[in-house]
Every structure is written in structure tokens, then in C-alpha cells.
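If you read the protein sequences in the order shown, they are chains A and B. Each residue of the first sequence is one higher than the one before, counting from 100 in our numbering. Each residue of the second sequence is one higher than the one before, counting from 100 in our numbering. Working notes for the structure below.
2 protein chains.
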Amino acid sequence: MAVVGVMRIFVFFLTFYISLYCANSAATDIELDAKAQFTHRIDSLNLLLYTFLLILTVLTIWLFKHRRFRFLHETGLAVIYGLIVGALIRYAGSKTPVLHMSVTPEKDSKYNLSLPPDTLWLRFPNRGSNPPLPNKTYAYAFREEIVDIEDNEMDLKATFDPEIFFNIILPPIIFHAGYSLKRKYFFRNLGAILTYALIGTTISSFVVGALMYGFIHQMPNLKGSFTFLDTLYFGALISSTDPLTILAIFNDLHVDVNLYALVFGESVLNDAVAIVLSGSIQNYGERYQSGTGGFETQAFFRALGDFFGIFTLSLLIGALMGCITAILTKFTHVRDFPLLESALFVLMSYSTFLIAEASELTGVVAVLFCGICQAHYTYNNLSADSRSRTKKLFELLNFLAENFIFSYIGVSMFTFPKHHFDPGFIFAGFFCAMLGRAVNIYPLSFLLNLGRKPKIPLNFQHMLFFAGLRGAMSFALAIRNTVSDARQAMLTTTSLIVIVTVIVQGGATMQLLTWFKIPVGVEEEVEMLPYAGVRSAGPSVEQICGDGEANQRDKRSPMLGEMAEPSRESGGGSRLNDKAWLARIWADFDVKYMKPFLTHARPTLLETLPVCCNPIARILTTTEQMTQDNRSRSQLDSDSDLCIEENELSYGDQRRTSVQRSDSLIASGDLGLGNRLMDTRVRVPGPGGKDI
Amino acid sequence: MAVVGVMRIFVFFLTFYISLYCANSAATDIELDAKAQFTHRIDSLNLLLYTFLLILTVLTIWLFKHRRFRFLHETGLAVIYGLIVGALIRYAGSKTPVLHMSVTPEKDSKYNLSLPPDTLWLRFPNRGSNPPLPNKTYAYAFREEIVDIEDNEMDLKATFDPEIFFNIILPPIIFHAGYSLKRKYFFRNLGAILTYALIGTTISSFVVGALMYGFIHQMPNLKGSFTFLDTLYFGALISSTDPLTILAIFNDLHVDVNLYALVFGESVLNDAVAIVLSGSIQNYGERYQSGTGGFETQAFFRALGDFFGIFTLSLLIGALMGCITAILTKFTHVRDFPLLESALFVLMSYSTFLIAEASELTGVVAVLFCGICQAHYTYNNLSADSRSRTKKLFELLNFLAENFIFSYIGVSMFTFPKHHFDPGFIFAGFFCAMLGRAVNIYPLSFLLNLGRKPKIPLNFQHMLFFAGLRGAMSFALAIRNTVSDARQAMLTTTSLIVIVTVIVQGGATMQLLTWFKIPVGVEEEVEMLPYAGVRSAGPSVEQICGDGEANQRDKRSPMLGEMAEPSRESGGGSRLNDKAWLARIWADFDVKYMKPFLTHARPTLLETLPVCCNPIARILTTTEQMTQDNRSRSQLDSDSDLCIEENELSYGDQRRTSVQRSDSLIASGDLGLGNRLMDTRVRVPGPGGKDI
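Here you go:
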């Protein structure tokens, strides 16, 4: 911890030194230029603050992992450090108010629209100089509407524009969630996950919204400032969960993979649902408030249409861009140049976000499904270099983004000027958030268990309930809009809920696992047995590919037959009924048409399409797909400069040999699964890694 | 090229569709909100434009590489695509003027400083509503001074704040240059590189500045608007070179490594010199102009002091942060968790930039030297996973940043509103830029050859002269400040020089190599022979480590003795005189004290420090360093989730075996060299990779 102490002192020294330095240099003469420089340095210092917080977090968390101390996850630590530093800034720092000047339009201004203008031009007298110079004109850009005139004379130290969360911080986190999804278990539990995420999140939102509205009507001081839409918005944002801490522990301790898939899958999807839902509520509010939406029911149905429309379109754009990337990487030889290939991959994924945002859809939802498609199709076409590069890149971005947002939650608790602490609202918020989670999990689990064969046991349900930590998405939605008192109270409550759940629920996970008697140290192979019969339906392709040599049984069944004719064998599965009819159709379609079209996987379209389509199938089948031996060569004379040393090249060599050996097996290897398998074999449950 | 066509149509379709959509939605009522959304969508579209440009560039360049077409580098292509799209935007797009409102201060405004305020508050009448609502107050933030009132009613389509180049685009490019520097050849040619970069760039700046000033005095239309400082600033910015294209070809064709090192090393350092020099000129200008700098000579010497002070301090901060990272990675076991380790590495490197910027130094220079130190020390301590991850991360960032800036140069040629085309100035600029490059290379080469043993032959000098392409740094410095006509003319000229040199000089490289009879396909081992005698001096450690098994002769001389007592053998080198005295001192110090202190390399400080310091040496020597067998174990039980599959793990195993075998050899392996060696052996000069 000595290092930590030294670092902290260093930060303070630096801040102090720079503030002194600023005071001096502000006396120079080209004041405007100096001011711009000063602003730039303040921005740098702000960023530096967070960089140091993250460095501290990384070093401390290393120490914790090193000592196998599992009660605090890095995000919890980031929050705690953030709170400490935020408090220091708030109470130790001096307040330099931002001065403003009130202005009125000039008499002869040509501007005559009913909207406030984008730009103001201020003719400012050049007072300082002697002899007087001509007046100068300065441009001012529109920033915001000022609601509370009294409260605005405060600086925004160590804060950022809330929109950066949606445009910079969340996209890599969400993309990574999609890209690293363990699709085998995700698809196997798809029904339950969709139920919890779609229906559960909606129920939770409305229950929380209604309850909060009821609570507020008991509190005379809040009554006037909240509408039902406000509390509903709160319900939507608080219904998204972020169980990072719990998933990290699950991964370390090898908790049952289906429980893992339920918790992870639900949390990924309910983020998407929450953001679209809150957007629809906001639109509904605007329409209703403005009076043009007609009567209320009509606006309600439009909001409902909005919700499904935006969700579906965003999903489609994400999937489409993923497929286009797959096509580009399949039909060009860009994998001969892994750097170009990785760049293409990153650019296509980023453009998915931008296209969705530019089309008034939800970029975050689009990148989620883009990530899933990239992992499902494109990943198979990538060179070994690009696979590792993209995985590691997004893993790192995800780590940095996550810890940044959590330290920001901590710091902003003290420094963000638009907090509104209301004990009543906070108490009600905690209570409703808990209740909302309960009405999501328990009733739906009961219903699911009616139809589901491997039922979700009660201890899993408890764990799902307790995995309802709130995190990045809730906070980002809460801080997005803080114009009214109501919204400020929501932000404060949301921040507190995030902080408390991440630290307390996260810290209690180990204890809870023991209480609920949830089995740990489960090997995936062992766990898989009860599901063996289902394996021939769609997602099983990944099981087989991913398991590779580890699971001997897969080797016995002839691979290609299983993939080409899943329907033939599907009758044999004893527990097939827990696969939804739609999921089976899709899996069949995926294996027969999508994978052969979008990846180098066998069977080819020549084998799956009817004979009449042979000319088209011929075009859409690459030579790699036909003669997969060619491939190992073409990958070898790659951009070998990019590898570090010859050992890595020999690794590349080996890898390719294994591609040759196991034919299409590795070529369509499962992204998430590879990890876990290796994990299972080489690591004792100990100072485990981060997997989410 | 069909893909390209389809993509282009897609972009236009999208733009069209969205502009239609916008027109509709602008008619809704919460106009302010709609406006914010509109702005966000325009921002997204702008980014999307560049993302698509980059995707196009990646796909086209793949096609070129695939067909071994070497006349156009990806950056050249990015410029060309940028120009095309820029022209389309300019001439096809409609101009939507940004409306402004002129305002005057309110009578009773409390604001009374001589500076324009940060914020304006506008009380805006709520005109649209009936019955009239109370007036609203809007906040406006300071943006810029308006110089040319006539010219400002134009939108800033597809443009960005110039500061993003310095804060986002350049740092990864420059860091990567430092991190991927082939230090062996860089240090061997250090004298020449420093001469060209420090002295040469300064000479070139002053020659260009003076000549341009002379030219301008012949042109009556420009005479009034330029001061000597303006032209000197132009001299400084145009003196930085960016020979990406040429280096890529050098790398593909295995041009002599010393020529490569000269071109690369000089271009890296002259970027640093140019940015600090232009900053000093600007400061000098401000001080001189404001009159407080006293008489001119005093201001001149202060500018000189500025230049050396800022350069040295930035260098020291960069080096210090690199060393701190090395210490953190050496004395903690953070490498057991590669993700944490990589995050630490990235955060420390980024904070270097921020610290330098916050201290009014030059962040770009700091990250350059930070990158060099990270490669020289920290890299040796990193786990295999982090090595590959950080290398690949920065390579990708560099690629994206580079191509972004070049497509921006293309697009902004047409869309940036502050261009000033003056044929006279442009012509003079081209002529002076060429002449400035000539007065840098030829006289200094002559002087260097007086003292240098392996002389720089004339054909190398010609190649160095022609490698004077201008690029990212020149453009970023030119676009930073465009308030006056003079600065706008500089921007236009710089943009044109960048475009022409990148396309024409880049395209002519193959031809020039033939004309100048520069040998290609040189194997490093062959080339190394004439230098054999020098090997015992400092940088040779890297040679030896990097060469490893490739160069048998190194194996014969006992490694440790050579490292521990370089001075003993140094007399034997026949060409020792071409190593500067200072370089030898440093190399000795580095091997004896710095490397043992900062890395896991042998000899340890216990062996190199005097006996009296044993207690300290004991503390600073890790057990890994003493018994390197331990190390292979501690790295193996790492955060294995992060590895992709078992093949990579087994690669890790192997690697460690080789560490055990060759003791400290691999532990202090050279970053850049590994690449090239491998390169030399496995790749035929063909569709080569990118190495810069």
C-alpha cells in the first residue's frame, strides 16, 4: 500500500503546484489565449484525476487479487476511491464561481425565430487598452436552459458532459458484453433470459413507477414536482442491472454455468430494454405534454410502438452490420493483413453505433446485437491475429470504461452540482428498487418453471434476485437529464443505489453463495450431461466446436451429419421441449444457411441449398470453404511484422496446424467457451481473472 | 471495387434519408429537445462519414496490397478519398447558414472584468406560445473571437475542433512511434539522427521562415498581413516530416536498416522539435506583441530558453513516467493479471500526456519518450499477454489515427471554412519547403561524414531528402490557429504540400529507389557485419538479446561478462570512434544500473553496485531476477481467462522455457528487433505488412 500512498501524495502535490502556477500565469497579457490554455489545463487535470483514480484502482485490486481477497470488486473499489477523492475536492477545494453576463438582443438583430439561436455574437468593449481599441466580437454557443437561477453560480469541477456516457463509455462496454457472450449457455436459456429481460424489466419498471408515485403522494414536500411519467422513468432506469461483481465471483468459483448465463444474459438484455423503454417514456412525455399527441391512450400506443419499433430496428441494424462484416471478411482476403482486418472490424462495429444514432435509434442496442453477430459469424472468418487482437482490445476498453464510470459515480456524488438529497425519496427508491427486482424474478420464475424442464430452483431464484446490482446504465440514464428537481432527486437516489448495491451486495456474494447452498467448482463437462440430448439443435454447433477435444462424446457423433441435418436427430433429444419452437427453427436456419453463407464453416451452401440454386451457391462458397487446407497457408504469410517475436510465430504455426487437423471445428470455434474450458483445466479456483 | 461503389451509394442514401427525416421531425414541438437531438445526429453523421471513409480506405488498400500495387499507401488513399468526399459535400450539399443573434450586455449586469465572460445568459421571450409563458433563460458558452464578420455565416460541416488532433489523434501516433522504435539501429545512428532532427529542423525552420518573408515582400497583396514571426511559424511547422509511405515501402523491400533508422528516427524526433519550436515562436510572438517582454533580444533568449526548457522537461517527464511504470511492473506481481497490467500500462502512458499538458509542457514530446522508455524497460517486465496486447492495441490505434487525420486533410480541403488560396504563397511554400529540406540534409550530411566512419553515401542523402514528406504534425500545427488571413493561407499551403508530397513523393518511391541504386532485400545479419566491432558498447545489448539464436557469433562471447564489463572490451572495437562518448557512457550506465534496477535483466544490482551498497541492491533485486526459474511458474498461473485458447497457453509455456534456457537474454528482448528478424526469415518480399 506504500505505492498507493505515494501516488496519492503525488496527485495532491501536482494539483497544488499547478494551481499555484496558474495563479501566476493568469497575470500575463494575452489574457484570452492564456484563458484558453488555462481551460485546457483544467481539462487535462480533470482527466488526470480519473486516470490516477484508475491507476490506484488497478494497483489496489491487484493487491486484493494477489491476497485472494474477494469481498471487493474493482468497480466497488473504483466507487470508493471516487467517493474519497470527490469528498476531498468538494470540501478541500475552493469554489471558483463561473461568472456570467446577462445579455439582451440588440435592437436591430435580424434573428426572428421562436427558438433560441445557436450562436450569440457579443460586441465587447476593449476596456483594458489605452488608447481604446475597436470593440471585438465574440461568438458564444448554445449550451443549456437555465432552470434554477440561484443555484447556477458554481463550477463544474471534475465533471463531464453526461452525453459522453452514451457516446463513448457505454458502447464499448455493451459491445464487449455481446462479443464475449457465452452463446452456448445463453441460447440454451434464451427463453428464461428473454422473459426476465423483456417482460420482467417492463413489469419492474411499471411496479416501481406506480409505487414511487404512491410514495410521493404521501410526502408533501415532493408531491408537486413529480408526475407519473417521472416516476415511471425512474422505474425504467432503475430496472436495468449490472451484476459485474457477482459475475466475476461466479467465474472465479466456477458457479453453475446456467446460473451464470441467466444472470449475465438477463443483465445484458435488460440494459437494452431499459434504455429503449426510458426513451419511449421520454418521447411519450414530450408528446403528451405538448398536446399534439392527441388523447392519452393514443400517445400511449405510440409509445408502445416506439418501444418495439426502436428496439427491433436497432437490433436489425446491429445484426445487419455484423453480417456485412462477416461477408466482407469472408469474401475478401483481408485476413492476409491482420491489421487491416482488425481495423475493418473495429470500424464496422463503431459505424453500427453511429448509424443507429444517426437514424434516431438506440446505438447501444445496435452495438449489443452487432457484438453478438460479430462473435457468432465474423469471428470465425478472422485471422488468429485479429481474433486475439479484437478480443483483447475490447476487453481492455471494457475494463477501462467500466472502472471510469464507477469512479465517476463516486466522484460526482460530491462534485456534480445538480444533486438533490431527499431522504424520503431515497428511502422509497431503495425499497422500490428491491421490490421491483422481486416482482421481476419470483413470479416469472414460477411461470417459467411451469413449462421448463430443468427447473430454476429456488436458491437460483434468490441468487438472481440478489444479482440485481445497479450500475453504469442506470447512472447514465439518471445523469442524462437533470433539469428539474425531480430529476435531480432521481440522480441522487440512483447514485446511492448503485454505490450501495455494488459495495454491499457485491461484498456479500460469497456469503450468499454459502447461504443459498449454490454449488461452486462445477466443471462445465459435468454440468453438461443432463442437457446432452438437446445438443443436436442449433446452438449445439457451438458446444461441439467449443468443446473440441475436451469432450470426447462429441467426437463420436459425426460432425457434418449433425450440422447438415439437425432436424433428423432432433427427435431423439429427451428434453427437447425446453427449446422453444422458434429457437429450433432459427438454429436450423442458422446452421443450414447463415453460417455457410457468412462464414467458412462446413457444410457449404452447395450442400444445403436445393440443386436449382447451385449457381448462386457456387458464388457464395469460397475456395477456403471447399478446400480448407489452402487456408492454413494463406494465413501464414500474414503481416508477420505484427507479431512480437518468433515464439509467437511458432504459436501461430501450431494454431494453424490445429485448424488443419480439426477442420471446421476450430474455424467456427466459440469465443466465450474457449476461455472457460481452458480455465477449467489450467486454473485452480484462486486469484481468478475477469471474464465479463 | 464493387464493394466500394455499393458503400458509397449507401452513404449517400443514408445521408439523404436522414436529411428528409430531420426535416419532418423538426416540425414537432419540444423544439429545443428536437434541436439537441438533431445536433447529435449531425455529429453522428459527421463521424460516420469518416468511419466510412476509413472503411473504404481499408478495403481498397487491401485490394492494392493483394495485387502488390505499391504506388499508393493507405494514407495517400485516405487523402484521395477525403478529397473526393470533401468536394461532393462542398458542391452537392446545401449550405445551411448558422444563424446568430447579436446581443448587448444588460444595463444592470454585474459583470465588470475586461475579459469576455465565459458564459452569457440570454433571457429569451417565449414567443411561440399562447397564452404567453414567462421568459426563459438560456446559457451560452464562449467559443471564439470573430475576426471576419462577413465570412462567418457558413456551417462547419464535417469539421472538428482542431484541438482534437493534439489531444486525441497525435498522442497514440507518437507513442506508437516511440514504442515500436527499432532501438538498436536508432541508437547506433543516434548522432546523425539528433543532428538532422535538432539542428537540421531548426536550420530548416529559419531558412524557410526567412525565404518566405522575402517572397512575401515581393507580393503586394500579402505584404501587410504577414510578420516575420508568421513566416517563421510556417517554417517550423513545415519542417516536420512524416515519411510513412516511404517507410512502409522500405519495410516491404528490406531496404538497408540504417537508412530506415535514419529516416524513421529523424521523422520521429523532428515532429517533437517542430511542435516545441512552433510553441516557442508563438510564445515569443505573444510576449513581443504585448510589449511586456522587454526588448526583442531578451524575448528571443526567453524563447530559446522556452524551447530547450520545454523540450527537456517534457522529455524528462516522459522518461520518468516510463521508469515508474517499469518499477510498478517489476516490483509488483501485477503481471499475474495481464488485463490489470495492460490497463496499468495504458493508464500510465496516457497520464504522461496529461501531466505534461497540465504542466504547460508538450504532451506529444512526453509520450514519445515515454514510449521509448516503455519499450526499453517496461516491456521486459510485462507478461506475454500484455506484451502482445499493448503492441497490438497501439498498432491499431496508430493505424486508425493516422488514416483518420489523412482523410480529414482531404475532406477539410473543401469543407473547412477558413482556407485562403493564394497562388503566390502556395508556390513559394512548395519551393521553400523543398529548399528547407535540402539545407537540412545535404550540409549536415557533409559535416557528419567528416566524423562518421560508415559514411552516409550520396544516394542515401538523396533518399533522405526525398523522404521529406509532410504529414499529420504539419497539418495539426497549421489548423490549430486560423484567426488571421496569414494563418489561413498557411493552412491552405500546408494542406496542399501534405497532399502533394504524400501522393507524388510517396508514389515515386519505388522509382527513386531504382534511380538512386539503393540496395533492397538487405538481410539484417549481412548488414550487421561491418559494425561487429562496436558491439560491446551499450546498445549492443539489444543486438545480442534480439539476435538470440540467429547470430551465432554472439553466443561465443560470454554474455554476462560482456554486459557487466563493457568498458574492458570496448577498446577492441575497430570503429568505436563513431559512437559518441556520451552515448557510450549512457550505454554503460544503462546496462549496469538502469536495466538491473528497472527490469528483471541480469546482471543484478548486487553484481554491479559496489559492495557497500549491498543492502540497497538486495532490496532492489527481485527474486525473479535472482532465480529466474521461479518466474516461469509465476507467469503461468496467470489470468488465463484472457488467453484465447490452450494453444496460446502452450505458446506461453514454450516461451517461458526459452526464458529459462537463455536466462536474461530473452528477458530483455528487444521489441523492434524481434519483428524484423522474424520478418527477414519468414516472409518473401511480397504483400508486406505495415511496420511503422
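For every residue, glycine included, the Cβ atom is placed at its ideal position computed from N, Cα and C.
Residues that residue i bridges to, as DSSP identifies them
i, result
"Thr218 (chain B)", "A:His199, B:Ala240"
"Phe545 (chain A)", "Phe545 (chain A) is not bridged to any residue."
"Lys235 (chain B)", "B:Phe223"
"Pro204 (chain A)", "B:Val202"
DSSP-derived helix/strand/coil call for residue i
i, result
"Phe163 (chain A)", "helix"
"Phe223 (chain B)", "strand"
"Gly632 (chain A)", "Because Gly632 (chain A) sits at a pLDDT of 35, beneath the cut-off of 50, its placement in the model cannot be relied upon, and the following sentence gives the value as read from the coordinates. DSSP places Gly632 (chain A) in helix when its eight states are reduced to three."
"Pro702 (chain A)", "coil"
"Arg169 (chain A)", "coil"
"Lys552 (chain A)", "coil"
"Gly567 (chain A)", "coil"
"Ser458 (chain B)", "coil"
"Tyr491 (chain B)", "Here residue 491 (chain B) is Lys; the residue named in the question, Tyr, does not match the sequence. Note: Lys491 (chain B) maps to helix in three-state DSSP."
"Phe694 (chain A)", "The sequence as given places Lys at residue 694 (chain A); Phe does not occur at that position. Helix, per DSSP."
"Lys283 (chain A)", "helix"
"Ala257 (chain B)", "coil"
"Asp509 (chain A)", "The amino acid occupying residue 509 (chain A) in the given sequence is Gly; Asp does not appear at that position. Residue state, collapsed to three classes: helix."
"Asp752 (chain B)", "Legend: pLDDT at Asp752 (chain B) = 33, less than 50; position of this residue unreliable, value from coordinates given subsequently. Asp752 (chain B): helix per DSSP, three-state reduction."
"Ile267 (chain B)", "helix"
"Met318 (chain B)", "coil"
"Lys134 (chain B)", "helix"
"Phe515 (chain B)", "coil"
"Arg536 (chain A)", "helix"
Contact set between residue i and chain B, taken where Cβ atoms lie within less than 7 Å
i, result
"Val433 (chain A)", "Trp161"
"Phe399 (chain A)", "Chain B residues near Phe399 (chain A): none, gap ~18 Å exceeds 7 Å."
"His475 (chain A)", "Within chain B, no residue comes near His475 (chain A); the closest Cβ sits about 16 Å away, beyond 7 Å."
"Thr150 (chain A)", "Leu446, Tyr449, Ser450, Leu453"
Per-residue contacts from residue i into chain A (C-beta, under 7 Å)
i, result
"Lys164 (chain B)", "Phe436"
"Met41 (chain B)", "Residue 41 (chain B) cannot be examined here, being either before or after the span of chain B that is shown, 100 to 791."
"Leu144 (chain B)", "Ala457"
"Glu501 (chain B)", "Going along chain A, no residue has its Cβ under 7 Å from Glu501 (chain B), so there is no contact; the nearest lies around 10 Å."
"Phe223 (chain B)", "Pro215"
Inter-residue CB distance, residue i and residue j (contact presumed, cutoff 8 Å)
i, j, result
"Leu443 (chain A)", "Leu419 (chain A)", "That belief does not hold up - the Cβ atoms of Leu443 (chain A) and Leu419 (chain A) are roughly 16 Å apart, past 8 Å."
"Val793 (chain A)", "Gly535 (chain A)", "An answer regarding residue 793 (chain A) cannot be provided, because it is not within the stretch 100 to 791 covered by chain A."
"Asn548 (chain A)", "Ile555 (chain A)", "6 Å"
"Ala177 (chain A)", "Thr150 (chain A)", "Actually they do not touch by this definition, with Cβ atoms about 12 Å apart."
"Leu336 (chain A)", "Ser573 (chain A)", "5 Å"
Neighbour list for residue i in chain B, Cβ cutoff strictly below 8 Å
i, result
"Val184 (chain A)", "In chain order: nothing, as chain B lies at least about 15 Å away."
"His199 (chain A)", "Tyr210, Pro216, Asp217, Thr218, Leu219, Trp220, Ala238"
"Leu147 (chain A)", "Ser450, Leu453, Ile454, Ala457"
Contacts of residue i in chain B (Cβ-Cβ under 9 Å)
i, result
"Val466 (chain A)", "Simply none; closest approach about 13 Å."
"Phe498 (chain A)", "Leu438, Leu439, Ser441, Ala442"
Proximal residues of chain A, C-beta to C-beta of residue i below 8 Å
i, result
"Phe168 (chain B)", "Under the 8 Å cutoff, chain A gives no residues; its nearest Cβ is about 14 Å from Phe168 (chain B)."
"Leu158 (chain B)", "Leu427, Thr431, Val433, Leu443"
Under 9 Å by beta carbon: chain A residues contacting residue i
i, result
"Arg140 (chain B)", "Glu456, Ala457, Ser458, Glu459"
"Arg242 (chain B)", "Thr218, Tyr237, Ala238, Tyr239, Ala240"
"Thr203 (chain B)", "Val202, Thr203, Pro204, Glu205, Lys206, Leu221, Arg222"
"Arg488 (chain B)", "Ser487, Arg488, Lys491, Leu492, Glu494, Leu495"
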